[in-house]
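Per the working numbering, the very first residue in the sequence shown carries number 783; after that it's consecutive. Here is the structure we will look at, set down as structure tokens.
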Amino acid sequence: MIVGDLNADRLAQARSFGCETVDLTQGGPAEQIEQLLGVPEVDCGVDAVGFEARGHGHDAKEAPATVLNSLMEITAAGGALGIPGLYVTGDPGGVDEAAKKGALSLSLGTGWAKSLSFTTGQCPVMKYNRQLMMAILHDKVHIAKNVNAKAITLEDAPKGYAEFDAGAATKYVLNPNGYLS
Ligand SMILES: NC(=O)c1ccc[n+]([C@@H]2O[C@H](COP(=O)([O-])OP(=O)(O)OC[C@H]3O[C@@H](n4cnc5c(N)ncnc54)[C@H](O)[C@@H]3O)[C@@H](O)[C@H]2O)c1
């Protein structure tokens, strides 16, 4: 798996459990993917960013269509895109009039020409719940370690939210009753 982000700490966290990474502050992903795979494309992609995406490169500003356009570019013909990242029908703080109505400047022709499949919407978590629970109980996956989960008290919640908002490579779990060690 190859993880792309602009956040160095999150890329380091992804490498800590065996992912390859591409640093999008260096520009678009194609060239770095080619260095890893020998070709500038992948079989399928996951947009886990959504409408708050920033553009690629150093000091990039919010650019909501970046991840979708970029994934269409780097996914091989016949491939598939999973889009759990959130896209909205209204965003009062959007970067332009179109974005304020949730309209993005998508290169859908790229997706059409490559016969890509798209799946999006609310994640069907109940569908995966049992298998995931069994995989965790049988030590097959280490989700908490992979996302660097940290249990915090209710008093520490504002600090946890602030750190997460600032891009900490940590998922905070509220632990009001101290059940989690
Ligand atoms: N479909 C669902 O049911 C479902 C469930 C959970 C979360 N979500 C959505 O998934 C998205 C991610 O959630 P999160 O909690 O991980 O958010 P987050 O803000 O913690 O993570 C988003 C990451 O994307 C990175 N990023 C920004 N622009 C990028 C770009 N152009 N390319 C690559 N990376 C970029 C940011 O640096 C950040 O690390 C959000 O839109 C959230 O609403 C959807």
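Note that beta-carbon positions come from the ideal geometry of N, C-alpha and C, so glycine has one too. Predicted model only: the values in this text are computed from it and were never measured.
Leu806: not part of any alpha helix (DSSP H); DSSP gives it neither H nor E.
By the 16-neighbour rule on beta-carbons within 10 angstroms, Met854 is buried. Counting only residues of its own chain and dropping the five nearest sequence neighbours on each side, Gly867 has a CB closer than 7 Å to the CB of Asp829, Ala830, Val831, Gly832, Val849. By the Cβ rule, the region 941-959 counts as touching the region 786-804, because three or more pairs are nearer than 8 Å. Within its own chain, the residues whose Cβ lies closer than 7 Å to the Cβ of Ser889, once the five positions on either side in sequence are excluded, are Asn851, Met854, listed in chain order. Counting only runs of 4 or more residues that sit fully inside the region 822-874, the alpha helix (DSSP H) segments are 848-856, in chain order.
When the Cα atoms are used, Pro811 and Ala790 turn out to be separated by approximately 15 Å. Not one heavy atom of ligand 1 is found less than 6 Å from the C-beta of Leu793. Ile856 and Gly827 do touch by the CB rule: their CB atoms are close to 7 Å apart, below 8 Å.
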